[in-house]
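Novice:
In the working numbering, the protein residues as written are 1128 to 1387.
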């Protein structure tokens, strides 16, 4: 562990961590500081004070922290038990709850696969097969880290209430996550990968997404929509099949908006 990672791991629970980090990045790492500010501006169109947000696949909590700083109540959901301590330190703690659980199509248990990058942990063997054959991710190797408990979005809603926004980042397990959701919140986002764009198409036809839903997407961490106005399901599918996506080694997030 490098010294920066050590300071982050040990200091995150301190009330001084966020202001110190922001000051440090503003002076010494302007690109990271601007990226963080851009993320806040972008997601503020969906999340505000008092909203409830589900951060599915919260990892080390970068998005969890951002949603909480926007004034939302956040349910941080993470399957990897090694990341729970880090999530539990994020402030403001009064607005954050942590669920140490995976999310899928039904309640039960599943194998969690991890590699050298904790953000690439997954429950999907199919996604691992695709990733290991891709140019972008072929350098990583996954192994099972044990069994983890699985619940559904509907079960989480029963316990915590209906969220205003759901963010799903689960490395190829998005279809299973959405299968466990009966109805769409105001806005939902889920990650897609160009190497497996067909999996994104499957997600677009889940029962939780109504026929009149509208869509948009961002590429990687570019905090701007690819389309100036929201588009239909068919238009998005055509875009995912186009060379701009199909022939690239990229990733991003698809946003789904309920129209009524």
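From the three backbone atoms N, C-alpha and C, an ideal C-beta is built for every residue, glycine too. All values derive from a computational prediction rather than experimental measurement.
(1) Ends of the alpha helix (DSSP H) at residue 1194?
(2) Do you know whose CA, among 1349, 1320, 1322 and 1311, lies nearest residue 1338's CA?
(3) Do residue 1256 and residue 1178 have their C-beta atoms within less than 8 Å of each other?
(4) Going by CA-CA distance only, name the one from 1280, 1354 and 1227 that's closest to residue 1233.
(5) Return helix, strand or coil for residue 1245, following the three-state DSSP convention.
(6) Apart from the five residues just before and just after residue 1194, which ones in its own chain have a Cβ nearer than 6 Å to its Cβ?
(7) Report, in whole angstroms, the separation of the C-beta atoms of residue 1375 and residue 1321, which I expect to be a contact under 8 Å.
(8) Please tell me whether residue 1204 and residue 1230 are closer than 8 Å, where the distance is taken between their beta carbons.
(9) Would you call residue 1235 buried or exposed, if buried means 16 or more other Cβ atoms sit within 10 Å of its Cβ?
(10) For a test of the three-state rule: what should DSSP assign to residue 1128, helix, strand or coil?
(11) If you count every other CB in all the chains shown that lies within 10 Å of the CB of residue 1130, and 16 or more means buried, which is it?
(12) If you check the beta carbons only, do residue 1183 and residue 1296 fall under 8 Å apart?
(13) Quick one: using the 10 Å Cβ neighbour count with 16 as the cut-off for buried, is residue 1188 buried or exposed?
(14) Is the Cβ-Cβ distance between residue 1324 and residue 1264 less than 8 Å?
(15) Using a Cβ-Cβ cutoff of less than 7 Å, which residues in the same chain neighbour residue 1190 once the five nearest sequence positions on both sides are dropped?
(16) Establish whether the CB of residue 1318 and some CB of chain C are separated by less than 8 Å.
Specialist: If we stick to the structure as given:
(1) Here residue 1194 refers to the residue found at position 67 when the chain shown is read from its first residue. Counting along the chain, the alpha helix (DSSP H) containing residue 1194 begins and ends at 1189 to 1196.
(2) Within the chain shown, numbered from 1, the residue matching residue 1338 stands at position 211. Nearest of 1349, 1320, 1322 and 1311 to residue 1338, Cα basis: 1311.
(3) On the chain shown, position 129 is the one that residue 1256 refers to. On the chain shown, position 51 is the one that residue 1178 refers to. Taking 8 Å as the Cβ cut-off, residue 1256 and residue 1178 do not qualify as a contacting pair.
(4) If you number the chain shown from 1, residue 1233 lands on position 106. Ranking 1280, 1354 and 1227 by Cα distance to residue 1233 puts 1280 first.
(5) Residue 1245 sits at position 118 when you count from the first residue of the chain shown. In this structure, residue 1245 counts as helix in the three-state DSSP scheme.
(6) Working through the chain shown from its first residue, we reach residue 1194 at position 67. Cβ within range, chain order: 1174, 1180 and 1201.
(7) Locating residue 1375 in the chain shown gives position 248, where the first residue counts as 1. Locating residue 1321 in the chain shown gives position 194, where the first residue counts as 1. Right, the Cβ-Cβ distance comes to about 5 Å (below 8 Å), so this counts as a contact.
(8) In the chain shown, counting from the first residue as 1, residue 1204 sits at position 77. In the chain shown, counting from the first residue as 1, residue 1230 sits at position 103. Contact: yes.
(9) For this step, residue 1235 is matched to residue 108 along the chain shown. With fewer than 16 other Cβ atoms within 10 Å, it is exposed.
(10) Residue mapping note: residue 1128 aligns to position 1 of the chain shown, counting from 1. For residue 1128, the predicted structure reports a pLDDT of 44, less than 50, and the residue's modelled location is therefore unreliable. The matter cannot be settled from this model.
(11) The sequence position of residue 1130 within the chain shown is 3, counting from 1. Confidence is the limiting factor: at residue 1130 the pLDDT is only 48, short of 50, which leaves the residue's position unreliable, though a coordinate-based value still follows. Answer is exposed; the Cβ neighbour count stays below 16.
(12) Taking the chain shown and counting its residues from 1, one reaches residue 1183 at position 56. Taking the chain shown and counting its residues from 1, one reaches residue 1296 at position 169. The answer is yes: Cβ separation under 8 Å.
(13) As a working note, residue 1188 is residue 61 in the chain shown. So residue 1188 counts as buried.
(14) One-based indexing of the chain shown puts residue 1324 at position 197. One-based indexing of the chain shown puts residue 1264 at position 137. No.
(15) Taking the chain shown and counting its residues from 1, the one referred to as residue 1190 is at position 63. 1182 and 1294.
(16) Among the chains in the structure shown there is no chain C, since it carries only a single protein chain.
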